[in-house]
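To keep things clear, I will list the structure first and then write my remarks on it.
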Amino acid sequence: MSFGDPNNPYGQQPQQPPQGQPGYGYPQQAPQGVPPQGQPGYGYPQQGQQPYGVPPQAPGTLQANNGYINVAGLGTVQVATMGRRFGARVIDGLIIGVLYFILSSVVFAGAFGAASDIKDCSGIDPLSPDYSTCLNEASAQAGEAAGGIFAAFFGGLLILGLATLLYEWLMIAFVGATVGKMALGLKVVKENTGQVPGIGGGFIRWIIPMVGSVLCGIGQLLVYLSPFFDNSGKLQGWHDRAAGTIVVKK
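This is the structure we're talking about:
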């Protein structure tokens with residue numbers, strides 16, 4: 002049998018398809034630079050892998066400064082706006098104000114009660130020995146009443162400060178939000194983990210504004226306004242930076 006015989010179909014050479022046309026039964030060639038289907042090829046990322054040359058997004062990285070941030074454990078969340086944070090602060094201030102009003106009412110009630118118990122010497126003859134005795138007793142009662150008023154006043158401030166500490170510190174530490182923040186859907190979380198601040202973070206976040214309040218409240222006001230000075234776009238105040246926290250919208 003001759004392979005060169007034209008009548009022998011098994012000996013014929015395969016015909017080449019016209020140029021640019023693969024023809025029926027001929028495999029198509031992939032365009033230059035595109036790996037064959039099913040084969041990723043060298044230099045091409047497989048499905049689910051980060052493209053080469055594109056760094057993975059680190060936690061805490063803002064996404065195109067659009068108000069959203071990538072937080073570990075939470076994914077992509079929205080940074081709390083200053084308007085919402087101010088609203089939450091107003092609600093918390095009202096709660097503390099009601100507590101202050103209650104304590105003040107108790108203090109003033111005690112003060113008026115003590116003042117009413119001071120002995121009245123107006124009906125005694127000023128020239129009689131009883132008048133001098135009455136005056137001495139009234140002076141002693143007035144001194145005791147004044148001491149009681151001051152003690153009640155400073156005791157009320159101490160109780161108010163302790164209540165504010167526990168309210169602001171412990172709720173942020175264990176819940177990540179005060180009542181005001183809960184009402185407006187805000188939460189304070191650790192920037193690197195997405196968890197609540199904890200005892201240490203909550204205390205640091207509380208103590209910095211309190212230290213600032215010593216200067217007639219000016220320092221405290223600056224701390225609360227400090228998110229406006231944050232050029233990273235995360236709206237972190239000085240107390241947030243020190244505690245490693247960030248305020249986000251739930």
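In the numbering used here, the protein residues as written are 2 to 251.
Just so you know, even glycine gets a beta-carbon here, dropped at the ideal spot from N, CA and C.
Counting only runs that start and end inside the segment 187–219, the alpha helix (DSSP H) elements of at least 4 residues fall at 199–213. In the three-state reduction of the DSSP assignment, asparagine 137 falls in the helix class, which pools H, G and I. Leucine 161 places its beta carbon 9 Å or farther from that of isoleucine 209.
Excluding the 5 residues flanking it on each side, valine 108 has same chain C-beta neighbours closer than 7 Å at Ala153, Phe154, Gly157, in chain order. Between the alpha carbons of arginine 206 and glycine 74 lies a distance of about 21 Å. Here glycine 181 is buried: its Cβ has 16 or more other Cβ atoms, across all protein chains shown, within 10 Å. Our two residues, serine 214 and glycine 88, have alpha carbons roughly 20 Å apart in a direct line. Under the three-state reduction of DSSP output, isoleucine 125 falls in the coil class, being neither helix nor strand.
In this structure, leucine 187 and lysine 250 form a Cβ contact; the two beta carbons are roughly 6 Å apart against a cut-off of 8 Å. Rounded to the nearest whole angstrom, the C-alpha separation of valine 91 and glutamate 145 is 39 Å. Per DSSP, the beta-bridge partners of isoleucine 247 are Val190. In this chain, the alpha helix (DSSP H) harbouring lysine 182 covers 180–184.
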